[in-house]
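Its first residue numbered -12, the sequence shown is counted upward by one per residue in our numbering.
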Amino acid sequence: MRVAMIGTGYVGLVSGTCFSEFGHTVVCVDKNPDRIGALQRGEIPIFEPGLDDLVMRNVKAGRLSFTQDIKAAVQGAEAVFIAVGTPSRRGDGEADLSYVYAAAKEIAEAMSHFTLVVTKSTVPVGTGREVERIIRQTRPDADFEVASNPEFLREGAAIEDFMRPDRVVCGAESDRAREILRNLYRPLYLNETPILFTALETAELIKYAANAFLAMKITFINEIADLCEKVNVNVQDVSRGIGLDGRIGSKFLHAGPGYGGSCFPKDTQALVATGRKFSSPLQIIETVVAINDTRKRRMAEKIIAACGGSVKGKTVAVLGLTFKPGTDDMRDSPSLDIIPALQKAGAVVRAYDPEGMHEAKKLLNDVVWCQDGYEAAEGADVLAILTEWNQFRAMDLARLKELLKQPVMVDLRNIYKPAEMEQAGFTYYSVGRPPVMPAGVSA
Ligand code: NAD
-12 MRVAMIGTGY
-2 VGLVSGTCFS
8 EFGHTVVCVD
18 KNPDRIGALQ
28 RGEIPIFEPG
38 LDDLVMRNVK
48 AGRLSFTQDI
58 KAAVQGAEAV
68 FIAVGTPSRR
78 GDGEADLSYV
88 YAAAKEIAEA
98 MSHFTLVVTK
108 STVPVGTGRE
118 VERIIRQTRP
128 DADFEVASNP
138 EFLREGAAIE
148 DFMRPDRVVC
158 GAESDRAREI
168 LRNLYRPLYL
178 NETPILFTAL
188 ETAELIKYAA
198 NAFLAMKITF
208 INEIADLCEK
218 VNVNVQDVSR
228 GIGLDGRIGS
238 KFLHAGPGYG
248 GSCFPKDTQA
258 LVATGRKFSS
268 PLQIIETVVA
278 INDTRKRRMA
288 EKIIAACGGS
298 VKGKTVAVLG
308 LTFKPGTDDM
318 RDSPSLDIIP
328 ALQKAGAVVR
338 AYDPEGMHEA
348 KKLLNDVVWC
358 QDGYEAAEGA
368 DVLAILTEWN
378 QFRAMDLARL
388 KELLKQPVMV
398 DLRNIYKPAE
408 MEQAGFTYYS
418 VGRPPVMPAG
428 VSA
């Protein structure tokens, strides 16, 4: 099939590339000339493991191309996906749909034959109908249908998630639309991936409900972790103990500094806003949002406490800046709350991230940028791990101990074992686990 993908961000570029890998002919469109220029030169503007090879292979095979020309892309396509951003609107937390609606209008202007317009962006209930209305108003003569196909991929594992999803959700209301979507996802269909056909509004709500549930699960274990610290219990044992219950499941039960990233923060807020709009408040999610916001700031306090209650004139080494490993995405990363709070309290911050430094430098000021974790540790009073990149999991503890002014670590991702830190002679704080103190000192 011939596909146009509008927006070549994390979702558009991965989805477009994977559709071409399925054998479809895909034209990816973006407004951003730098992005399209880079892609046309064979450069991948985002970090996503495995994406560069997949893009190259499909470009070479003639199935994948990039353009700024939305008109040509739409005119050559049977299905047009909208995969533009839907950031939080300042002030009220509602999803900013201006990019989606602008794309809908541009698509309408370009249409020349029957086109299935599919929203892949995460959009609130009712957006698909509004897209329909905009297209109809722009081009009363157009032959089209609107469907919803929310995306569930995770950055860092995006290709695997797209190629082997738990399910595909399609809000489509005619046989014709369902047939096009079924054809697009045929390789998955043959693999027996559940493909769930629903009404437009249902598909839109499924995406928000899924993200809000996952954000709630993370927040739940984070609060349990806080209790664990008070009652001398290891939260990882609790996670395992409850996660083995099939009704609960073990995923998203890792305590940490609070969820971040380009989806959970904005999608929970947008769902809360939708609930209010329809006079059906989502109190659980409102609470999740509030707890998570406070938590990020509290993590800075935890680091300050590890420094004896003040970081004034002290140096903090920060390892990891992105909201999770495997991506260069800095959107709503906990580091963006924690580092400024440490600086405000008087700390000098030395930081390193394997992939996020380029973006981080645009968002954080007065940080001493380092080449690796060891350089960041040089002369620091405390070392804080904010993201669980693999290269931070097995650092040479003896070397770190020598580089640090004092051997203190705050591990907000629980990637080290308390026993090994004790043996290495560190004072060690983690999340939801008893701290490790040098002999003779009590917590
Ligand atoms: P992004 O900000 O990385 O990319 C959006 C791209 O769309 C940008 O490159 C922008 O230039 C382009 N764009 C905007 N308007 C355009 C237009 N009219 N024509 C052409 N290009 C246009 O966004 P993203 O992270 O890929 O997210 C896209 C959507 O997918 C959002 O709704 C998001 O919530 C959802 N989503 C994201 C993820 C994720 O992990 N990032 C996962 C699932 C769903």
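We put the CB at the ideal spot given by N, CA and C, even for glycine. The structure presented is a predicted model; accordingly, all values stated were derived computationally and were not measured.
Discussion item. Do Ala70 and Lys47 have their beta-carbon atoms positioned less than 9 Å apart in this structure?
Written reply: Walking along the sequence shown from the start, residue 47 turns up at place 60. Walking along the sequence shown from the start, residue 70 turns up at place 83. Taking 9 Å as the cut-off, the Cβ atoms of Lys47 and Ala70 do not count as close.
Worksheet item: By Cβ distance, which residues of its chain are closer than 7 Å to Phe379, with the 5 residues on each side in sequence left out?
Response: Numbered from its first residue, the sequence shown carries residue 379 at position 392. Excluding residues within five positions, the ones whose Cβ falls inside 7 Å are Leu306, Gly307, Gly360, Ile372, Ile402.
Worksheet item: Quick one: what's Ala371 bridged to in DSSP?
Response: The sequence position of residue 371 within the sequence shown is 384, counting from 1. Ala371 pairs with Val305, Val397.
Item to complete: Report yes if the CB atom of Thr261 is closer than 9 Å to the CB atom of Glu119, and no otherwise.
Response: Translated into the one-based positions of the sequence shown, residue 261 becomes position 274. Translated into the one-based positions of the sequence shown, residue 119 becomes position 132. Result no, Cβ atoms of Thr261 and Glu119 do not sit closer than 9 Å.
Worksheet item: With a CB to CB cut of under 7 Å and the five nearest residues on each side skipped, what residues in its chain are close to Leu399?
Response: Taking the first residue of the sequence shown as 1, we reach residue 399 at position 412. Closer than 7 Å at the Cβ level, and outside the excluded window around Leu399, lie Gly243, Pro244, Met286, Ala371, Ile372, Leu373, Val418.
Item to complete: Would you kindly check if the distance between the Cβ of Leu140 and the Cβ of Met(-12) is under 9 Å?
Response: Working through the sequence shown from its first residue, we reach residue -12 at position 1. Working through the sequence shown from its first residue, we reach residue 140 at position 153. In this structure, Leu140 does not lie closer than 9 Å to Met(-12) by Cβ.
Practice prompt. Go ahead and label Pro425 buried or exposed: buried means 16 or more other beta carbons lie within 10 angstroms of its beta carbon, across all protein chains shown.
Written response: Translated into positions along the sequence shown, residue 425 becomes position 438. That one is exposed.
Fill in: Straight-line Cα distance separating Ala328 from Asp340
The residue given as residue 340 occupies position 353 in the sequence shown. The residue given as residue 328 occupies position 341 in the sequence shown. About 19 Å.
Worksheet item: Which runs of the alpha helix (DSSP H) spanning at least 4 residues fall entirely within the segment 250 to 320, listed in chain order?
Response: With a minimum length of 4 residues, the continuous alpha helix (DSSP H) runs that stay inside the segment 250 to 320 are 251 to 264, 270 to 293.
Item to complete: Look at the Cβ atom of Glu132, then the Cβ atom of Arg169, and state whether they are nearer than 9 Å.
Response: On the sequence shown, position 145 is the one that residue 132 refers to. On the sequence shown, position 182 is the one that residue 169 refers to. No.
Worksheet item: Just to confirm, does Asn19 get its C-beta within under 8 Å of one of the non-hydrogen atoms of ligand 1?
Response: To locate residue 19, count along the sequence shown from 1; it is residue 32. Yes; taking the cut-off as 8 Å, the Cβ of Asn19 has a heavy atom of ligand 1 nearer than that.
Item to complete: Please name the residue, chosen from Asn377, Met203, Gln27, that lies closest to Gln270 on a Cα-to-Cα basis.
Response: As a working mapping, residue 270 is identified with position 283 in the sequence shown. Selected option, being the one with the closest Cα: Met203.
Worksheet entry | Burial state of Pro394 (16 or more Cβ within 10 Å) | As a first step, residue 394 must be located in the sequence shown, where it is residue number 407. Per the 10 Å Cβ criterion, buried.
Worksheet entry | Own chain partners of Thr189 with C-beta closer than 8 Å, once the 5 adjacent residues on each side are dropped | Here residue 189 corresponds to residue number 202 of the sequence shown, with the count starting at 1. Excluding residues within five positions, the ones whose Cβ falls inside 8 Å are Gly158.
Worksheet entry | Cβ shell of Ser322 (< 6 Å), same chain only, five flanking positions each side left out | Counting from 1 along the sequence shown, the entry for residue 322 is found at position 335. Only Leu308, Leu373 meet the Cβ criterion.
Fill in: Under the three-state DSSP convention, the category Phe200 falls into
Stepping through the sequence shown from its first residue, residue 200 is reached at position 213. If DSSP states are grouped into helix, strand and coil, Phe200 belongs with the helices.
Item to complete: Taking Glu142 as the reference, give the member of Lys348, Ala334, Leu391, Arg318 with the closest Cα.
Response: On the sequence shown, residue 142 is found 155 positions in, with the first residue counted as 1. Checked all of Lys348, Ala334, Leu391, Arg318; the closest Cα to Glu142 is Arg318.
Worksheet item: How would you write the range of the beta strand (DSSP E) that Arg126 sits in, first residue to last?
Response: Against the sequence shown, residue 126 aligns to sequence position 139. Premise fails: Arg126 is in no beta strand (DSSP E) and is neither H nor E.
Worksheet item: Near Val42, what residues of its chain come up, given a Cβ to Cβ distance below 7 Å and the 5 sequence neighbours on each side ignored?
Response: Indexing the sequence shown from 1 puts residue 42 at position 55. Hits under 7 Å: Thr4, Ile31, Leu51.
Item to complete: Indicate whether the contact test is met: 3 or more Cβ pairs, each with one atom in the segment -2 to 13 and one in the segment 144 to 152, closer than 8 Å.
Response: Taking a contact to require three or more Cβ pairs closer than 8 Å, the segment -2 to 13 and the segment 144 to 152 qualify as touching.
Worksheet item: Using the beta-carbon count (16 or more within 10 Å), is Val13 buried or exposed?
Response: Taking the sequence shown and counting its residues from 1, one reaches residue 13 at position 26. The residue in question, Val13, is buried, as its Cβ has 16 or more Cβ neighbours within 10 Å.
Worksheet item: Heavy atom of ligand 1 less than 8 Å from the Cβ of Ile146, yes or no?
Response: Position 159 of the sequence shown, counted from the start, is the residue given in the question as residue 146. No, Cβ of Ile146 sits at least 8 Å from all heavy atoms of ligand 1.
Item to complete: Output the distance between the C-alpha atoms of Lys92 and Ile122, rounded to the nearest integer angstrom.
Response: Numbered from 1 along the sequence shown, position 105 holds the residue referred to as residue 92. Numbered from 1 along the sequence shown, position 135 holds the residue referred to as residue 122. So the alpha carbons of these two residues sit roughly 6 Å apart.
Worksheet item: For His100, does the count of other Cβ atoms within 10 angstroms reach 16, so buried, or fall short, so exposed?
Response: As a working mapping, residue 100 is identified with position 113 in the sequence shown. Per the 10 Å Cβ criterion, exposed.
Practice prompt. Please name the residue in Asp17, Gly300, Val276 whose C-alpha comes closest to that of Val438.
Written response: For residue 438 there is no data in the structure shown, the boundaries of the chain being -12 and 430.
Discussion item. Closer than 8 Å to a non-hydrogen atom of ligand 1 - does that hold for the CB of Phe139?
Written reply: Within the sequence shown, residue 139 is the residue found at index 152, counting from 1. True, at least one ligand heavy atom lies under 8 Å from that Cβ.
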